[in-house]
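Student: Which chain is which? The protein sequence lines are A, B, C and D, in order.
Note that the first sequence covers residues 1 to 555 in the UniProt record's numbering.
Note that the second sequence covers residues 1 to 57 in the UniProt record's numbering.
Note that the third sequence covers residues 1 to 187 in the UniProt record's numbering.
Note that the fourth sequence covers residues 1 to 382 in the UniProt record's numbering.
Where is the CB? At the ideal position from N, CA and C, for every residue including glycine.
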Amino acid sequence: MVPELPPRPDKHQAISDTAAGGSAVDQGGHHHEQPTGLLRWLLTTNHKEIGTLYMLFALLMFFIGGTMALIVRAELFQPGMTFVVPEFFNQMTTMHGLIMVFGAIMPAFVGLANWLIPVQIGAPDMALPRLNNFSFWLLPVSFTILLSTLFMEGGGPNFGWTFYAPLSTTYGPPSTSFFILAMHLAGISSILGAINIIATILNLRTPNMRLMDMPLFVWTWLITAFLLIAVMPVLAGVITMMLLDINFGTSFFDAAGGGDPVLFQHLFWFFGHPEVYIMILPAFGIVSAIVPTFARKRLFGYASMVYATASIALLSFVVWAHHMFTVGLPLTAQLFFMYSTMLIAVPTGVKVFNWIATLFRGSISFELPMLFSLAFIVQFTIGGLSGVMLAIAPVDFQYHDTYFVVAHFHYVLVPGAVFAILAAAYYWLPKWSGVYPNVKLGLAHFWLSVIGVNLTFFPMHFSGLAGMPRRIPDYALQFADFNMLSSIGGFLFGISQLLFVAVIVLCIRKKGEKAPAQAWEGAEGLEWQLPSPAPLHTFDTPPEFIPERDSPSRH
Amino acid sequence: MLQVIKSVLAAFLGVQSEKNRQQDFQSRSPWPFIVTGVVMTLVFVLVVASVARWAAS
Amino acid sequence: MNAQQRERQQGVARTIRRTLLALVLMVGFTIALVPLYDVFCEVTGLNGKTSDTAQVVAGGDVDTSRKIEVQFVTRTSAGLPWRLASETHTIWVHPGEVALARFTFMNTGLEKTSGRAVPSVSPSEGARHFRKMECFCFQEQWLEAGERMEMPLVFQIDPQLPQGVNKLTLAYTLYPQGPVLGGTYEH
Amino acid sequence: MHSLLPFGRWLLVLCVIFASQVQAAAINTSSGWNLPPGVTSISQEIFSLHMIIFWICVAIAVVVFGVMFWSLFAYRKSKGAKPANFHENTTVEVIWTAVPLLILIAMAIPATATLKKIYDTSDADIDILVTGYQWRWHYQYVEEDLSFFSNLGTPRSQILGEEDKGDFYLLEVDNPLVVPVGKKIRFLFTSNDVIHAWWVPDLAIKKDTIPGFINESWTIIDEPGTYRGQCAELCGRDHAYMPIEVRAVSQETYDEWLEEQRQMLAEDAAGSQREWTMDELMDRGKGVYNTYCAACHQADGSGMPPAFPALKNNPMMITEEGRDAHIDAVLYGRSGTSMPAYSGTLSVADIAAVITYERNAWGNDAGDRVQPSEISEMLSDD
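#1: Roughly how many angstroms separate the alpha carbons of Glu87/A and Pro211/D, rounded to a whole number?
#2: Looking only at C-alpha atoms, which of Ala113/D, Gln140/D and Lys116/D sits nearest to Asp127/D?
#3: Between the alpha carbons of Leu244/A and Val194/D, how many angstroms are there, rounded?
#4: Starting from the beta carbon of Ile472/A, find every residue of chain D whose beta carbon is closer than 8 Å, and list them in chain order.
#5: May I ask which residues mark the beginning and end of the alpha helix (DSSP H) holding Trp31/B?
#6: Counting only beta-carbon atoms, is Arg8/C nearer than 9 Å to chain A?
#7: Determine, for Thr40/D, whether the minimum Cβ-Cβ distance to residues of chain C falls below 9 Å.
#8: Just how far apart, CA to CA, sit Val179/D and Glu172/D?
#9: Taking the straight line between their C-alpha atoms, what separation do you get for Asp38/C and Arg369/D?
#10: Put Trp520/A into one of helix, strand or coil per three-state DSSP.
#11: Measure the alpha-carbon distance for Gly490/A versus Phe40/C and round it to whole angstroms.
#12: Using a beta-carbon distance cut-off of less than 8 Å, what residues from the segment 414-446 of chain A approach chain D?
#13: Thinking just about the alpha-carbon of each residue, which of Glu256/D, Ile105/D and Thr40/D is nearest to the one in Val388/A?
#14: I'd like the span of the alpha helix (DSSP H) that includes residue 583/A, first residue to last.
#15: Is the shortest distance between the beta-carbon of Gly344/D and the beta-carbons of chain A less than 9 Å?
#16: What in chain D is Cβ-close to Ala55/B, meaning under 7 Å?
#17: Taking Ile42/D as the reference, which of Pro309/D, Leu346/D, Val130/D and Ile205/D has the closest Cα?
#18: For Glu125/C, which residues in chain A fall below 7 Å Cβ to Cβ?
#19: Please report the Cβ distance between Thr90/C and Glu69/C, rounded to the nearest whole angstrom; I am assuming they are in contact, meaning their Cβ atoms lie under 8 Å.
#20: Decide if Met61/A is buried, meaning its Cβ has at least 16 other Cβ atoms within 10 Å, or exposed.
#21: Between Pro155/D, Val246/D, Lys312/D and Asp222/D, which has its C-alpha nearest Arg359/D's C-alpha?
#22: To the nearest angstrom, report how far apart Ile375/D and Asn107/C are at their CA atoms.
#23: So what does Gly132/D bridge to, in DSSP terms?
#24: For Cys231/D, which three-state DSSP category applies?
#25: What does DSSP give as the partner residues of Asn107/C in its beta bridges?
#26: Count the C-beta pairs between the segment 338-345 of chain A and the segment 104-124 of chain D that are closer than 8 Å, then say yes if the count reaches three, no if not.
#27: Taking contact to mean at least 3 C-beta pairs separated by less than 8 Å, is the segment 276-285 of chain A in contact with the segment 499-508 of chain A?
#28: Using the beta-carbon of each residue, which ones in chain D are nearer than 8 Å to His89/C?
#29: Chain C partners of Pro309/D, CB-CB under 8 Å?
#30: For Pro55/D, name the three-state secondary structure that DSSP assigns.
#31: Buried or exposed: where does Asn89/D fall if 16 or more other Cβ atoms within 10 Å of its Cβ makes it buried?
#32: Helix, strand or coil for Phe294/A per DSSP?
#33: So, is the C-beta of Lys167/C closer than 9 Å to a C-beta in chain D?
#34: Note down, in chain order, every chain D residue with its Cβ under 8 Å from the Cβ of Val118/C.
#35: Rounded to whole angstroms, what is the Cα-Cα separation between His30/A and Val110/A?
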């Protein structure tokens with residue numbers, strides 16, 4: 001693999017320093033003979049275009065996965081087998097999970113990384129532009145395969161996104177091998193993306209920018225990328241063992257041949273728990289960028305944020321079995337995983353405290369990105385607190401595999417990670433498109449989302465405590481009220497995301513207030529020195545960076 | 001080395017004094033920190049494991 | 001190409017080499033996890049699996065100060081028309097004492113088939129202290145149609161068994177052996 | 001850009017809604033908002049642990065969100081707030097690291113104590129082996145030579161909405177697990193196929209049943225009553241339809257029940273020897289069919305091809321030649337399909353009855369009877 005940097009045209013005048021108020025300088029086009037139309041997007045090696053592709057793909061998957069969630073919520077609107085049959089219900093819950101995790105949230109973060117990391121560290125592009133193109137296009141292939149399993153005989157995967165053996169092996173539908181292929185492709189895409197991001201961050205920073213001068217979004221992604229390198233091979237290993245069990249007569253997970261179904265869970269969660277942090281660490285980086293901007297005050301505890309992110313990442317490798325408290329671990333193991341899980345709450349708490357200390361004595365205004373970030377902090381904290389409750393092993397016997405868990409991880413992932421992604425979109429849309437997102441639509445989107453998301457997931461705490469197991473298509477009558485609320489909330493949240501699409505369409509069509517280079521008053525960072533919209537090629541000459549003046553950790 | 005260990009320990013708690021932080025900034029290579037971090041994680045695992053073993057007995 | 005760019009390119013190449021190395025190490029680690037897990041289970045009794053080869057009688061004195069209740073549970077699984085029964089539900093043994101239990105296998109099907117009994121011990125902490133000198137579970141068994149066979153289990157409870165444990169349950173699940181096709185068993 | 005006012009007001013409303021929900025959850029412990037305190041000392045300990053950690057979380061949330069919202073309110077730019085310039089403070093950082101750490105340690109101590117009690121399965125009076133099947137539970141009283149299946153008791157017509165749903169919709173079974181109060185019961189868990197989880201909230205027991213492996217747990221139920229639960233681990237299509245019903249009764253009632261069960265077993269054994277009439281077989285067969293077969297092959301035998309073939313007009317079931325294959329399929333299952341073997345699940349009378357039913361219902365006109373004695377001969381050891 002030969003690393004290749006994008007060619008550097010000499011006649012090109014780099015943009016440096018502030019070009020406040022400047023409109024887009026048209027200089028992207030004359031670089032090379034570029035194919036036009038569809039081919040251009042197919043072959044692009046430009047980090048901004050690939051970033052856009054990633055994010056549009058994630059949005060599409062968000063809607064597909066969301067539609068599946070709404071099918072689930074429609075079935076659960078009232079008790080009884082009312083709308084779909086259980087086989088299809090199981091396929092919907094499984095596909096919803098897989099698509100949202102691997103198709104929506106992860107690609108959305110990778111898209112943000114592609115767009116933002118080079119412009120935040122003053123690099124001309126990602127370190128490996130062609131590899132970048134390849135790792136994106138693996139995703140549509142992967143998810144086409146995954147979605148096509150729904151139309152195969154026996155249907156698509158129906159064993160939950162955690163695909164526990166032997167339900168997914170000995171008892172899986174015939175399409176399971178295609179599911180494994182799709183997961184392999186998505187995994188390879190993630191690994192390649194991670195390598196690219198690490199290579200970019202470690203080598204292409206503008207001169208004088210030390211690691212401790214990088215914006216937190218870059219830091220969180222650096223750590224996330226290391227997590228990906230560490231755990232994606234484990235996922236690949238697990239699904240390969242499944243494939244061997246299914247097709248080649250091995251018995252890794254089959255007790256009949258001397259295997260152990262619990263081994264599957266250990267391996268899966270050894271991947272799966274760091275995976276959870278892969279889906280939240282970049283969100284921490286986003287919020288750490290937005291809160292200081294609109295509090296007009298520097299991020300409190302930059303260094304401790306970096307340290308906390310790193311220790312969360314390291315600790316995430318030693319807590320996996322808290323997903324398995326009911327499989328019958330010996331007492332010592334149970335205690336070990338309970339203690340380590342409780343301890344991981346400490347660095348996570350530090351982050352929340354840092355954001356609040358950033359707000360304290362700031363000069364706060366409530367633009368759209370700030371609203372989403374504040375909602376993120378509150379809602380993520382709710383998810384974190386229910387996480388602490390889940391860490392207490394004896395009590396987890398009552399919570400495990402109920403809607404309480406569903407409420408917990410959705411609070412972390414939807415009002416958490418998804419809100420952070422939406423915050424990021426509203427924050428950087430002026431930079432991407434050159435116009436501010438429409439405030440009226442954005443406000444409506446925000447409030448409907450907040451109400452919808454909490455109406456969906458907050459009652460799930462209660463249905464879970466009251467005893468409703470997860471992944472059931474039909475339930476006892478005492479859960480009916482909570483489920484009806486959740487379903488109403490789910491549809492409200494789902495439909496209000498169409499407003500977001502409207503906001504994006506308006507931005508793409510340049511309908512809206514023109515944004516200057518420094519789109520937000522309090523924003524810091526190299527990306528705000530670029531005109532809005534940022535031209536296709538930026539920082540061909542590394543920008544000037546003076547740590548004493550520009551570093552987020554300066555004194 | 002002692003300095004690195006101290007920094008990593010502080011990092012686990014998310015706390016670092018001003019002076020030490022400045023010192024950390026001076027070193028350009030992150031590798032000592034990464035290696036120490038992994039080693040400290042192992043130490044952490046052993047400590048928690050022995051606490052668990054003690055509590056279980 | 002200027003010096004800075006060359007330096008960057010070398011840096012990128014170095015980083016890629018290192019991350020690929022890390023990737024290879026992780027793949028190796030994943031493969032190693034399977035045998036590691038077995039070792040870990042054997043050492044800690046994580047999953048209640050007992051050793052799948054015959055062990056020798058552990059020396060030392062028989063601990064007559066306590067008696068352990070050993071309970072046998074047998075099950076057959078779908079796809080194998082066999083029955084497996086233990087002579088007794090429970091026997092009491094002193095730690096260190098060598099004991100014998102008899103199990104009866106019956107093939108109620110119409111063909112010669114093979115099966116294997118998979119053992120599991122609960123509480124799992126007891127698994128590694130359950131030493132088997134002779135067991136039908138070490139290999140697969142063949143039975144003619146209608147055949148009945150009695151097979152012994154010779155075992156010993158290690159005197160190292162933790163003090164709190166005074167009852168061990170040994171469960172045998174009988175699984176069909178033979179070609180596995182498309183995830184379901186032929187019989 | 002826009003005014004704070006609507007934002008603040010909304011947040012306030014939202015907070016009030018949250019607070020009142022949380023309040024209600026905490027107070028109405030019996031109204032289905034919260035964990036049940038349960039009927040064992042362990043379940044009550046778990047419940048109080050749950051409430052302690054819940055209130056600690058509420059307190060943390062109040063403090064954290066309090067400071068946050070107060071800051072949002074007090075340092076509004078629209079009110080002319082000027083930003084301060086601090087961005088770190090080691091003392092504060094040490095405090096907010098140490099305090100949560102101490103709280104967590106304080107939580108870990110009682111949690112450890114409870115966990116140790118949960119793991120102490122020694123000196124049990126009764127051992128019950130619980131085996132998960134797709135999709136029913138099997139209970140075996142290890143010392144009593146007594147075992148039976150426990151199936152969903154809710155009729156399909158209620159699930160499909162053709163009939164009003166009963167009070168215990170999806171939480172009722174045909175054969176509940178009966179146990180005496182005040183006795184230490186040790187449960188052993190395993191599975192026949194995939195992983196299930198046996199969960200009864202009132203007993204605070206949730207344990208995975210894993211094929212080929214055995215798990216254990218225990219309980220002492222203090223109050224007589226009926227305690228209901230469900231399978232808690234996704235186990236395939238009918239995961240929602242395998243409830244658990246535990247009936248805790250006095251020792252005398254339990255002994256009577258045991259005696260009754262033994263008599264029924266004896267009757268069944270006698271029944272497998274005698275000749276059954278067509279009506280008897282059809283009557284019993286219909287019940288067995290609806291419990292075990294109708295979920296896949298449908299109550300009217302139409303099946304759901306291609307996965308679940310139709311039995312109505314199925315050549316195997318209307319011809320004399322198909323008879324052996326038919327019996328074989330029910331006894332030993334069909335390899336390569338999801339048709340399980342019923343030889344270990346159903347009694348010989350049930351098997352004979354259901355085969356007879358399938359051959360003579362919905363217009364199938366094989367006209368023959370399959371006698372229990374015939375089946376037991378096929379299954380006999382020699």
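Tutor: In short:
#1: In this model, Glu87/A and Pro211/D are separated by some 22 Å (Cα to Cα).
#2: Ranking the options by Cα distance to Asp127/D, first place goes to Gln140/D.
#3: Distance between the alpha carbons of Leu244/A and Val194/D: 18 Å.
#4: Within chain D, the residues near Ile472/A are Gln230, His239 and Ala240.
#5: That run of the alpha helix (DSSP H) goes Trp31 to Ala56.
#6: Judged by the 9 Å Cβ criterion, Arg8/C is in contact with chain A.
#7: At least 9 Å separates the CB of Thr40/D from every CB of chain C.
#8: So the alpha carbons of these two residues sit roughly 17 Å apart.
#9: Answer to the nearest angstrom: the Cα atoms are 52 Å apart.
#10: Note: Trp520/A maps to coil in three-state DSSP.
#11: Taking the CA atoms as reference points, Gly490/A sits about 44 Å from Phe40/C.
#12: Result list: Val439 and Leu443.
#13: Looking from the CA of Val388/A, the closest CA among Glu256/D, Ile105/D and Thr40/D belongs to Ile105/D.
#14: Within the shown structure, residues of chain A are numbered from 1 to 555, placing residue 583/A beyond reach of any answer.
#15: False, the Cβ-Cβ gap to chain A never drops below 9 Å.
#16: Under the 7 Å cutoff, chain D gives Thr112.
#17: Cα-wise, what sits closest to Ile42/D is Ile205/D.
#18: Within 7 Å Cβ-Cβ: Pro330.
#19: With a Cβ gap of about 6 Å, Thr90/C and Glu69/C count as contacting.
#20: The residue is buried, with at least 16 neighbouring Cβ atoms inside 10 Å.
#21: Cα-wise, what sits closest to Arg359/D is Lys312/D.
#22: Answer to the nearest angstrom: the Cα atoms are 15 Å apart.
#23: In the DSSP output, where bridge partners are listed per residue, Gly132/D has Trp137/D and Ser191/D.
#24: In the structure shown, Cys231/D adopts extended strand secondary structure according to DSSP, grouped into three states.
#25: The partner list for Asn107/C (beta bridge, DSSP) reads Trp82/C.
#26: Yes: at least three Cβ pairs fall under 8 Å.
#27: No, the segment 276-285 of chain A does not touch the segment 499-508 of chain A.
#28: Near His89/C (Cβ distances below 8 Å), the residues of chain D are Val142 and Glu143.
#29: Neighbours of Pro309/D on chain C: none; closest Cβ ~16 Å, over 8 Å.
#30: Note on identity: in this sequence residue 55/D is Trp, with Pro being the wrong assignment. In this structure, Trp55/D counts as helix in the three-state DSSP scheme.
#31: With fewer than 16 Cβ atoms within 10 Å of its Cβ, Asn89/D is classed as exposed.
#32: For Phe294/A, the secondary structure class from DSSP, reduced to helix, strand or coil, is helix.
#33: At least one chain D Cβ lies under 9 Å of Lys167/C.
#34: Near Val118/C (Cβ distances below 8 Å), the residues of chain D are Gly212.
#35: Residue placement at His30/A cannot be trusted, given a pLDDT of 45 that sits under 50; what the coordinates show is reported in the next sentence. Whole-angstrom Cα-Cα distance: 27 Å.
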